[in-house]
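Following: one structure in structure tokens, then a few remarks.
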Amino acid sequence: VQLQASGGGLVQPGGSLRLSCAASGSIDSINYMGWYRQAPGKQRELVALITNGGSTTYADSVKGRFTISRDNAKNTLYLQMNSLKPEDSAVYYCRLNQYVGELRNYWGQGTQVTVSS
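Numbering (my numbering), first residue to last: 379 to 495.
Pasting the structure below:
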């Protein structure tokens with residue numbers, strides 16, 4: 379499984395970005411996919427997660443501002459980020475969790491999001 383994240387960049391506070399994560403390879407039996415972020419000096423944290431059934435979970439800090447979605451036909455995960463704040467600045471990573479006789483986790487390479495005026 380390969381994950382290719384894109385869509386990061388520099389945006390002003392209050393602005394929007396949409397991240398994409400294209401999955402390829404043996405991507406069946408997915409349990410969930412998610413977005414995580416890691417700011418300098420901090421641990422990687424969950425931002426949003428979507429299960430194979432479509433249930434979503436969000437970090438409290440992004441509820442009401444971020445929306446996770448998945449296009450199964452395109453094998454692509456999205457994160458729509460609105461009302462961005464400087465504290466949202468981080469490297470964003472996508473993750474795929476699947477069960478193929480055992481649990482496996484795959485990570486994308488990360489995309490930088492910087493929120494600054």
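A virtual CB, placed ideally from N, CA and C, is assigned to each residue, including glycine.
Since the structure is predicted, the reported quantities are computational estimates derived from the model, not experimental observations.
Skipping 5 residues on each side, what residues in its chain have a beta carbon closer than 6 Å to that of residue 427?
-> 410, 412 and 435
Status (buried if at least 16 other CB within 10 Å, exposed otherwise) for residue 421 | exposed
When DSSP builds the beta bridges, which residues end up paired with residue 412?
-> 427 and 473
In whole angstroms, what is the alpha-carbon distance linking residue 439 and residue 423?
-> 11 Å
Please state if the CB of residue 392 and the CB of residue 457 are separated by a distance shorter than 8 Å.
-> no
Identify the residues that DSSP records as bridge partners of residue 387: which are they?
-> 491
In terms of DSSP beta bridges, what is residue 402 paired with?
-> 380
Residue 419 to residue 443 span [Cα, whole Å] = 24 Å
Inter-residue Cα distance where the pair is residue 491 and residue 485 = 17 Å
Helix, strand or coil for residue 449, going by three-state DSSP, please let me know.
-> strand
Beta-carbon proximity list for residue 396, same chain, < 8 Å, skipping 5 on both sides = 385, 456, 457, 458 and 459
How many angstroms separate the CA atom of residue 405 from the CA atom of residue 389?
-> 32 Å
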